[in-house]
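Note sheet for the following structure.
In full-length UniProt numbering, the protein residues as written are 1 to 293.
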């Protein structure tokens, strides 16, 4: 049984159209499915919880954007349930990674039917009593502030809203003192931002940690030294190509677990996690999915 989770408002109605096309394919092949089509995220989450208690759900397929992906991840990670997304939002970073971005619904469906399965790593972030799974990037500092502002920008959509958000906070942002623990080491440093990646991109294709991988059982952490606003402005466009990591003020650390403390908040895959301190661990093979070829 496949559980189809629809965010009807995503993509200005595009999610509903793509979901109906997918349903038609299921009906043609006799694939059994259930549909969740609720009016808000809270109701959607409760419906997912209720349906998964049935015990006969093999897969969860999201029709929406990154917010819906993040919501679904909280229920499918560390289970045997497969997960995929037919993207209808603006960022679609996970969809890019598994090959469903800019693909026809019929091609995504055929890939699922062909059972092109893959086990992907996921990251688990713990901030106080809040636990949150994510697959892409957890951010804090400057980019978390950008994320917070961008979440409130309804138009324009896509990458440009992150650029606008960055420009809006650039002049007033100051570096933050961080304490970062990993392996047997501890780093105390001021930084403009600290981000921990399981996947290589966020914000609609920005390659914040270009060497991060879903299948290496590791996390990549990036931190940026305090720099002038002009320097930060010059570094930012390079994130779209992944070349910013070559800048002398940019540092990358690889480990399986990080503990981070600072007077700031963290966002994972664009969703608020909580105030630091925070612990982040990689859980190898925690997410079962399909690769759309």
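Here a beta-carbon is modelled for each residue, glycine too, at the ideal position from N, C-alpha and C.
| Asked | Found |
| --- | --- |
| Does the segment 265 to 283 touch the segment 238 to 245, meaning 3 or more C-beta pairs lie closer than 8 angstroms? | no |
| Can you grab the Cα-Cα spacing for the pair residue 190 / residue 173, in whole Å? | 13 angstroms |
| Quick check on this structure: which residue in 119, 193, 121 and 100 has the alpha carbon closest to the alpha carbon of residue 111? | 100 |
| Which of helix, strand or coil does DSSP assign to residue 189? | strand |
| Among the candidates 169, 188 and 262, whose CA atom is the shortest distance from the CA of residue 232? | 169 |
| Put residue 55 into one of helix, strand or coil per three-state DSSP. | coil |
| If you run the structure through DSSP and keep just helix, strand and coil, what is residue 82? | strand |
| For residue 206, does the three-state DSSP call read helix, strand or coil? | strand |
| Drop a sphere of 10 angstroms on the beta-carbon of residue 132, count the other beta-carbons inside from all chains shown, and report buried for 16 or more, exposed for fewer. | buried |
| Could you tell me which whole beta strand (DSSP E) segments of length 3 or greater appear in the segment 4 to 43? | 33 to 36 |
| Roughly how many angstroms lie between the CA atoms of residue 228 and residue 160, to the nearest whole one? | 22 angstroms |
| Roughly how many angstroms lie between the CA atoms of residue 18 and residue 176, to the nearest whole one? | 43 angstroms |
| Can you give me the Cβ contacts of residue 290 inside the same chain, cut-off strictly under 8 angstroms, excluding the 5 residues immediately before and after it? | 82, 84, 98, 111, 112, 115, 116, 117 and 118 |
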